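Quick note: the sequence shown, position 19, residue 34 per my numbering, numbers continuous.
Glycine included, every Cβ here is placed at the ideal spot set by N, Cα and C.
Just so we're clear, the structure is a prediction, and the values are computed from it rather than from any experiment.
Notes follow once the structure below has been shown.
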Amino acid sequence: MAFDRLIENIVKMQNPTVAGLDPKLDYVPESIKKRCFAEYGKTLEGAAAALLEFNKALIDALYDIVPAVKPQAAYYEMYGWQGVKALSDTVAYARSKGMFVITDGKRNDIGTTMEAYAAAHLGTTDVGGESFDAFGADALTVNGYLGTDGIKPLAAICSEKDKGIFVLVKTSNPSSGELQDMKLDTDERVYEHMGRMCESWGQSLGGKYGYSGVGAVVGATYPEQLKEMREKCPHTFFLVPGYGAQGGGAEDVKLAFDKNGLGAVINSSRGIMCAWKKQGLTEEDFTQAARSEAVRMRDEIISSIGKIKIV
16 MAFDRLIENI VKMQNPTVAG LDPKLDYVPE SIKKRCFAEY GKTLEGAAAA
66 LLEFNKALID ALYDIVPAVK PQAAYYEMYG WQGVKALSDT VAYARSKGMF
116 VITDGKRNDI GTTMEAYAAA HLGTTDVGGE SFDAFGADAL TVNGYLGTDG
166 IKPLAAICSE KDKGIFVLVK TSNPSSGELQ DMKLDTDERV YEHMGRMCES
216 WGQSLGGKYG YSGVGAVVGA TYPEQLKEMR EKCPHTFFLV PGYGAQGGGA
266 EDVKLAFDKN GLGAVINSSR GIMCAWKKQG LTEEDFTQAA RSEAVRMRDE
316 IISSIGKIKI V
């Protein structure tokens with residue numbers, strides 16, 4: 016399954032992290048914006064061109080040390096079809112560099128609509144008998160709160176196309192507990208039940224390293240729940256947001272891993288993209304700063320969990 020490829024990259028690089036590509040225009044260096052605006056004007060096309068150039072520079076700085084990237088679709092959609100094209104081009108460029116790509120779209124629907132989302136982001140689109148990758152990511156974040164009807168179409172694509180999904184289970188935002196921590200009649204909390212459903216959905220998508228093609232989003236900002244879900248979902252690979260800018264640290268995220276250092280990939284977005292600010296550099300040094308922060312993050316996590324190995 017797709018997460019087997021991610022796991023192999025993680026072990027090879029000894030780096031269980033993913034760089035989030037959530038590029039607000041404010042994060043893009045003035046020199047890049049100036050070039051793009053000179054060619055396209057201060058337009059949606061100019062903004063999208065700047066985002067893509069920024070992303071490519073970050074990918075060039077990270078691809079040999081970071082196994083994966085996670086573009087958040089919203090930051091591209093806000094720039095119209097031009098921004099969506101920048102998302103597509105970003106996915107293609109990252110994959111050309113050998114990176115595993117997780118599109119963060121949190122899609123949620125049922126039936127033929129979910130089949131369309133699945134085809135768009137993970138599968139292929141038929142045009143007069145010819146098949147095309149619309150976006151071509153390796154994995155997609157999804158909202159499972161429509162139940163199995165919303166997961167079945169994705170599971171079918173994952174099986175056919177060697178892709179993966181990450182289902183929202185216990186998210187990192189402050190108000191997540193308003194719903195996710197509520198107790199059901201079974202005395203089980205909502206997030207626990209969703210985790211158990213992920214285990215069930217993944218049974219037909221088993222991978223060779225013990226983790227299925229149905230992963231879960233479990234935030235680093237709730238370390239006790241992270242530990243709990245690792246114990247209760249032994250076959251579910253975790254995408255862990257909340258490290259760095261949101262307050263989670265290495266001691267928090269280590270609870271997401273199994274005894275071999277497998278089972279999770281830790282996300283950092285602003286921490287990497289805007290590292291030059293924290294390091295006291297100029298924005299023109301953003302790639303150097305991003306790489307330095309990625310190395311620091313890797314080393315901090317590895318020092319906490321130990322060597323990652325496949326047994």
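- Roughly how many whole angstroms lie between the Cα atoms of S174 and A135? Your numbering for residue 174 matches position 159 in the sequence shown. Your numbering for residue 135 matches position 120 in the sequence shown. One alpha carbon belongs to S174, the other to A135, and they sit about 16 Å apart.
- Classify F147 as buried or exposed, calling it buried when 16 or more other Cβ atoms lie within 10 Å of its own Cβ. What you label residue 147 is simply residue 132 of the sequence shown in a count that begins at 1. Exposed is the call here.
- Message: Suppose you measure from the CA of Y108 to the CA of L161; what does that come to, to the nearest Å?
- Response: As a first step, residue 108 is located in the sequence shown; it is residue number 93 there, counting from the start. As a first step, residue 161 is located in the sequence shown; it is residue number 146 there, counting from the start. Each residue's alpha carbon lies about 33 Å from the other.
- Task: Indicate whether T118 and V232 have their beta-carbon atoms separated by less than 8 Å.
- Result: Taking the first residue of the sequence shown as position 1, residue 118 is located at position 103. Taking the first residue of the sequence shown as position 1, residue 232 is located at position 217. Contact flag unset, no.
- Message: Tell me the residue span of the alpha helix (DSSP H) that contains P238.
- Response: Walking along the sequence shown from the start, residue 238 turns up at place 223. Under the DSSP assignment, P238 falls in the alpha helix (DSSP H) whose first and last residues are 238-247.
- Item | Spatial distance of T105 from F150 (CA atoms) | For this step, residue 105 is matched to residue 90 along the sequence shown. For this step, residue 150 is matched to residue 135 along the sequence shown. So the alpha carbons of these two residues sit roughly 9 Å apart.
- Item | In chain order, each beta strand (DSSP E) run of at least 3 residues that lies wholly inside the segment 186-237 | 229-233
- What whole-angstrom Cβ distance do H250 and G295 have, given they're in contact under 8 Å? By one-based count along the sequence shown, residue 250 stands at place 235. By one-based count along the sequence shown, residue 295 stands at place 280. Approximately 44 Å separates the beta-carbon atoms of H250 and G295; this is outside 8 Å, ruling out the contact.
- Anticipated Cβ contact below 8 Å, N24 with P86, distance rounded: Working through the sequence shown from its first residue, we reach residue 24 at position 9. Working through the sequence shown from its first residue, we reach residue 86 at position 71. About 17 Å; that fails the 8 Å criterion.
- Query: Just to confirm, are G210 and C248 a CB contact at a threshold of 8 Å?
  - Reply: By 1-based counting over the sequence shown, the position of residue 210 is 195. By 1-based counting over the sequence shown, the position of residue 248 is 233. Closer than 8 Å, so yes.
- From Y90 to G321, what does the alpha carbon distance come to, in whole angstroms? On the sequence shown, position 75 is the one that residue 90 refers to. On the sequence shown, position 306 is the one that residue 321 refers to. So the alpha carbons of these two residues sit roughly 35 Å apart.
- Message: Rounded to whole angstroms, what is the Cα-Cα separation between D153 and F181?
- Response: Against the sequence shown, residue 153 aligns to sequence position 138. Against the sequence shown, residue 181 aligns to sequence position 166. Cα-Cα distance, rounded: 11 Å.
- Query: Just the Cα atoms here: how many angstroms apart are V280 and A64?
  - Reply: Numbered from its first residue, the sequence shown carries residue 280 at position 265. Numbered from its first residue, the sequence shown carries residue 64 at position 49. Whole-angstrom Cα-Cα distance: 29 Å.
- Message: Among L183, K198, C213, L194, whose alpha-carbon lies nearest the alpha-carbon of G234?
- Response: Taking the first residue of the sequence shown as 1, we reach residue 234 at position 219. Nearest of L183, K198, C213, L194 to G234, Cα basis: L183.
- Task: State the CB to CB distance for the pair L59 and G95, rounded to an integer number of angstroms; the pair is presumed to be in contact (CB under 8 Å).
- Result: Within the sequence shown, the letter at position 44 stands for residue 59. Within the sequence shown, the letter at position 80 stands for residue 95. At roughly 5 Å, the Cβ-Cβ gap stays under 8 Å, so L59 and G95 are in contact.
- Item | Cα-Cα separation, G179 to C213 | On the sequence shown, residue 179 is found 164 positions in, with the first residue counted as 1. On the sequence shown, residue 213 is found 198 positions in, with the first residue counted as 1. Their backbone Cα atoms lie some 12 Å apart in a straight line.
- Task: Assuming Y78 contacts G35 (C-beta within less than 8 Å), just tell me the rounded distance between them.
- Result: Within the sequence shown, numbered from 1, the residue matching residue 78 stands at position 63. Within the sequence shown, numbered from 1, the residue matching residue 35 stands at position 20. The Cβ separation is near 15 Å, so there is no contact.
- Span separating the alpha-carbon of E299 from that of K223: Indexing the sequence shown from 1 puts residue 299 at position 284. Indexing the sequence shown from 1 puts residue 223 at position 208. Answer to the nearest angstrom: the Cα atoms are 43 Å apart.
- Message: How far does the alpha helix (DSSP H) with N24 in it extend, from its first residue to its last?
- Response: Stepping through the sequence shown from its first residue, residue 24 is reached at position 9. Per DSSP, N24 belongs to the alpha helix (DSSP H) from 17-28.
- Query: Is the CB-CB distance between V26 and K269 below 8 Å?
  - Reply: Mapped onto the sequence shown, residue 26 falls at position 11. Mapped onto the sequence shown, residue 269 falls at position 254. No, the Cβ-Cβ distance between V26 and K269 is not below 8 Å.
- Message: Using a 10 Å radius around the Cβ and a threshold of 16 neighbouring Cβ atoms, would you call T236 buried or exposed?
- Response: Taking the sequence shown and counting its residues from 1, the one referred to as residue 236 is at position 221. The residue is buried, with at least 16 neighbouring Cβ atoms inside 10 Å.
- Other residues of its chain near G257: CB distance less than 7 Å, five sequence neighbours each side excluded: Mapped onto the sequence shown, residue 257 falls at position 242. Result list for G257: S187, G234, A235, T236, G263, in chain order.
- Task: Note the first and the last residue of the continuous alpha helix (DSSP H) segment covering S318.
- Result: Position 303 of the sequence shown, counted from the first residue, corresponds to residue 318. 301-320 is the extent of the alpha helix (DSSP H) around S318.
- Item | Simplified DSSP assignment, three categories, for S284 | As a first step, residue 284 must be located in the sequence shown, where it is residue number 269. Coil at S284, not helix or strand.
- Task: State the Cα-Cα distance for the pair S219 and V229, rounded to the nearest angstrom.
- Result: The residue labelled residue 219 in the question sits at position 204 within the sequence shown. The residue labelled residue 229 in the question sits at position 214 within the sequence shown. When rounded, the distance between both Cα atoms is 10 Å.
- Query: Under the three-state reduction of DSSP, which class applies to Q97: helix, strand or coil?
  - Reply: Residue numbering aside, residue 97 sits at position 82 when the sequence shown is read from its first letter. Reduced to three states, the DSSP call for Q97 is helix.
- G138 and K176 closer than 8 Å at C-beta: Taking the first residue of the sequence shown as position 1, residue 138 is located at position 123. Taking the first residue of the sequence shown as position 1, residue 176 is located at position 161. Against a cut-off of 8 Å, the Cβ pair of K176 and G138 comes out as a contact.
- Message: Is any non-hydrogen atom of the ligand MN found closer than 7 Å to the C-beta of F52, if you look at the structure I gave you?
- Response: No copy of the ligand MN occurs in the structure displayed, which carries no ligand at all.
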